[in-house]
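In the numbering used here, the protein residues as written are 46 to 165.
Beta carbons: idealized from backbone N, C-alpha and C, even for Gly.
Bear in mind the structure is a predicted one, so any value in this text is a computation, not a measurement.
Input: a single structure, listed below in structure tokens.
So, in structure tokens, the structure goes:
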């Protein structure tokens, strides 16, 4: 599945949060200056082509809905980052987080305890 641009991720966020939407409804979530209807419609159709959205037709209008969940997207994105930047090493990711002080040793110990409990 293809990756998403920042704008596409933003639009998907609305579908994940709000559920099925018409493009006109989607416009209402933007503050001024709002994107043009055609611009937003193009992004939505692109998301459908990429396999993130599908639609239900109501006459000449379409209601779009997410077919990829936010959790699935997060997992795929994380896997891609770990593959691209950490040579598929989850240990390197955790090591980097500890070295950059994004996670403390105490938090890491708690994480290990939680994993051990769930494996019992």
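Which residues in the same chain as residue 46 place their Cβ atom closer than 6 Å to its Cβ, once the five residues preceding and following it in sequence are excluded? 96
By Cβ distance, which residues of its chain are closer than 8 Å to residue 56, with the 5 residues on each side in sequence left out? 71, 85, 88, 89, 92
Backbone secondary structure at residue 107 - three-state DSSP: strand
Would you call the CB atoms of residue 45 and residue 108 closer than 8 Å? Residue 45 is absent from the model: the chain starts at 46 and stops at 165.
Please state whether DSSP places residue 71 in a helix, a strand or coil. helix
Taking Cβ to Cβ, would you say residue 19 is nearer than 8 Å to residue 106? One cannot answer for residue 19 here, as it falls past the ends of the chain, which runs 46 to 165.
Give a yes or no on whether the C-beta atoms belonging to residue 60 and residue 103 are separated by under 8 Å. no
I'd like to know whether the C-beta atoms of residue 127 and residue 143 end up nearer to each other than 8 Å. no
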